[in-house]
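4 is the number of the first residue of the sequence shown in my numbering; add one for each residue after it.
The structure appears below as structure tokens.
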Amino acid sequence: MQSDYAAAVSSLAGLGIRIIGSCSSDAWDTDPLVSSAVPPERRPKALMPGCRSALVFGIPVQKCISDTSPSIWYREHYKVLNSYLDMAAERAVLEFERRGRSAAAVPRDGYIGIKGLQKDPSAFFSHKHSAYLCGIGTFGMNGSILTEDYGPRIRLVTVLTDAVLPEGRVTDKQTCNRCGLCVRSCPANALSISLYQEVGFDVEACVKRQDDLASEGISPCGICISVCPQGSDSGRRGPAGTPLEIIRSYRL
Ligand code: SF4
Ligand code: SF4
């Protein structure tokens, strides 16, 4: 008989989703990095009583579009990816429920826009830490999860469930090469040359930049994602010269 995990993977494969992992909900309490970064009230077992596992999956950000960021093209792409992930998470929930399990999709963005981030700069759940625990990738200096195929150009979502899924393993392979390009490219000076730690990221400065861009209709920023040389997609290039200027001229 097909396992719960195999059934969920198969249902997501039908949506073209292939970056998938899982981990035990206990991992939030035992992993040193995650347990120190994520408070107990924002962990799976607090959000879904009876939760035993997390299923995490992602889809890539297209490098060609990312290279135009910040822009109307990147903004629209970002919205579509988020909606697609939320829809796919509901698909996985339905599959778990069909098999007699309980499950809950955590929304892609668990905060209320930029005003919400100004009030509380963290979403109520961190998909990045979920992905880290599943071994999907490791943190880079830009605070994002980096993968071998796409560097930081990946959007993630999580489904919590009482099904027992395979326990993921944190990978010890650091994908970030510490080149510092993301740090030097950040227009808000929100990043610092340090290994991933909460203190190395000035969330307020980043949110202020998103707010400024939103007033021009082209949030989010995304420069620290686009410049990262890691990922086998990094050789792909977006438009340059006049085509890029045209795209970037679409702002309020
Ligand atoms: S999204 Fe933009 S402002 Fe925020 S850290 Fe990245 S480059 Fe800096
Ligand atoms: S740009 Fe360089 S330092 Fe920044 S996340 Fe990518 S590899 Fe790491």
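Just so you know, even glycine gets a beta-carbon here, dropped at the ideal spot from N, CA and C.
Being a predicted model, the structure only gives us computed values, none of them experimental.
Per-residue burial, residue i [other beta carbons within 10 Å of its own, 16 or more giving buried]
i	result
F128	buried
K66	buried
L97	exposed
G234	buried
K122	exposed
I22	buried
V83	exposed
K176	exposed
L255	exposed
I196	exposed
A9	exposed
S252	exposed
S25	buried
S72	buried
A134	buried
According to DSSP, residues forming a beta bridge with residue i
i	result
P63	I157
I148	F142
Collapsed DSSP secondary structure at residue i in the structure displayed
i	result
L260	This structure leaves residue 260 out entirely; the chain is present only between 4 and 255.
V109	strand
I249	helix
L194	strand
S86	helix
V96	helix
S125	coil
S218	helix
D7	helix
Q213	helix
D101	Position check: residue 101 holds Arg in this sequence, whereas Asp was assumed. Three-state DSSP puts R101 in a helix.
R254	coil
Where the alpha helix (DSSP H) containing residue i begins and where it ends
i	result
D205	No alpha helix (DSSP H) holds D205; DSSP gives it neither H nor E.
I117	116-122
K131	130-137
C258	Given that the chain is displayed from residue 4 to residue 255, the structure contains no residue 258 and the question cannot be resolved.
Residue i beta carbon near ligand 4 (any heavy atom closer than 6 Å)
i	result
N180	Questions concerning ligand 4 fall outside what the structure shown contains, since the ligands it does hold are ligand 1 and ligand 2.
Self-check item: Ranges of the beta strand (DSSP E) found wholly within the stretch 10-81, counting only runs of at least 3
Solution: 22-27, 56-63
Quiz item: In chain order, which alpha helix (DSSP H) runs of at least 4 residues are fully inside the stretch 222-246?
Solution: 226-229
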